[in-house]
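*Asks:* Supplied in structure tokens, the structure appears directly below.
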Amino acid sequence: MNIDTDKWNLLEKAHDYRAQLRLFGFVLLADLVLVFSTGTNVWNLRWSTISDRPAAIVLVVLAYGAVVKIVVPLLLPLLRSVLGLLVEWVQRIPGVSPKRRDTDSPTYVTWTDADRWLADAPDGSRRVDVEKQMARIAEDEAHWDSTVRAGWTAVLLALLGWLVPGSTIAAVAHWQQWAPWVIGFFPAIPCVYDLWVGSPVRREVRVPELAQRLYRERRGGPLSNARAKNKRSNHAVVNVDSIS
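Numbered by full-length UniProt numbering, the letters in the sequence shown go through residues 1 to 244 in order.
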């Protein structure tokens with residue numbers, strides 16, 4: 001039996017921000033479950049408490065799965081929509097909106113242009129390279145989206161813990177009122193960035209020949225576009241004549 005040891009490398013997981021957020025959310029949920037089931041929190045947890053109630057461990061795992069797979073997917077789209085409208089309204093203020101990246105490049109094209117190019121591109125090494133780039137971009141976007149989801153999960157659980165008497169977050173708030181804000185800041189970083197700026201993944205594919213043609217058309221204006229269309233139509237006529 002082959003075992004992938006990379007998946008169990010704790011040092012690698014410790015450097016993965018997404019893994020940290022998931023672990024943080026799991027601990028926060030375990031804290032709430034323990035408060036409701038045993039009357040104690042993670043901070044004051046003793047091994048005797050778990051040994052006396054082993055079902056609490058199973059309950060924590062089941063609750064975390066329900067939160068991640070059911071609760072968060074149902075609440076997150078609505079929450080993102082409401083906060084997105086608020087952010088959009090704030091960014092209308094002059095000088096507040098973040099600076100957008102310049103996508104006018106003679107080397108890279110947008111995802112949409114690359115997808116259109118693939119529809120007519122012949123098989124070959126260039127096509128394979130473009131498909132690999134797009135697959136890598138899709139993978140990076142999925143990783144970012146799961147990181148944001150893990151962040152929102154931890155933020156919502158931290159807010160819930162703040163409202164539950166006896167939880168670790170509530171105890172920390174009783175000690176210092178500003179402490180829960182510091183705790184919530186850690187998982188909120190990707191959430192705020194995603195709302196304000198969007199995904200950091202650049203949906204741009206390196207296709208120099210296509211990028212240069214589109215770049216010339218954009219720089220040349222309507223006359224250049226008309227020439228390009230005329231050139232393509234003439235090329236089509238030549239192909240039809242050669243076939244006939």
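Just so it is clear, CB atoms sit at the ideal spot from N, CA and C, and this is done for glycine as well. All figures in this text were calculated on a predicted structure; none of them were measured in a lab.
Check V33 in the structure and name its three-state DSSP category.
*Replies:* The answer is helix: DSSP assigns V33 an H, G or I state.
*Asks:* Please report the Cβ distance between R149 and V72, rounded to the nearest whole angstrom; I am assuming they are in contact, meaning their Cβ atoms lie under 8 Å.
*Replies:* Right, the Cβ-Cβ distance comes to about 6 Å (below 8 Å), so this counts as a contact.
*Asks:* Which residue marks the beginning of the alpha helix (DSSP H) containing residue 330, and which one marks its end?
*Replies:* Coverage of the chain is limited to positions 1 through 244, which leaves residue 330 absent and any answer about it impossible.
*Asks:* CB A63 to CB V82, shorter than 9 Å?
*Replies:* No, the Cβ-Cβ distance between A63 and V82 is not below 9 Å.
*Asks:* Please list the segments of the beta strand (DSSP E) lying wholly inside the stretch 81–131, counting only runs of 3 or more residues, in order along the chain.
*Replies:* The qualifying runs are 108–110.
*Asks:* Within this structure, are the beta carbons of P106 and A173 separated by less than 9 Å?
*Replies:* Going by C-beta atoms, P106 is not nearer than 9 Å to A173.
*Asks:* Please report how far the alpha carbon of A114 lies from the alpha carbon of R213, in whole angstroms.
*Replies:* Between A114 and R213, the C-alpha separation is close to 13 Å.
*Asks:* Hey, out of E131, D120, L159, whose CA is closest to W111's CA?
*Replies:* Looking at the Cα atoms, E131 is the closest of the given residues.
*Asks:* Under 9 Å between the Cβ atoms of D31 and G184?
*Replies:* Contact: no.
*Asks:* Measure the alpha-carbon distance for A19 versus L86 and round it to whole angstroms.
*Replies:* So the two alpha carbons sit approximately 29 Å from each other.
*Asks:* Would W144 pass as a contact of P187 if the rule is Cβ separation under 9 Å?
*Replies:* It is not a contact, given that the beta carbons lie outside the stated cut-off.
*Asks:* Straight-line CA distance for R203 to R22?
*Replies:* Their Cα atoms are separated by approximately 26 Å.
*Asks:* Does the beta-carbon of N41 have 16 or more other beta-carbons within 10 angstroms, so that it is buried, or is it exposed?
*Replies:* Buried, because 16 or more other Cβ atoms sit within 10 Å of the Cβ of N41.
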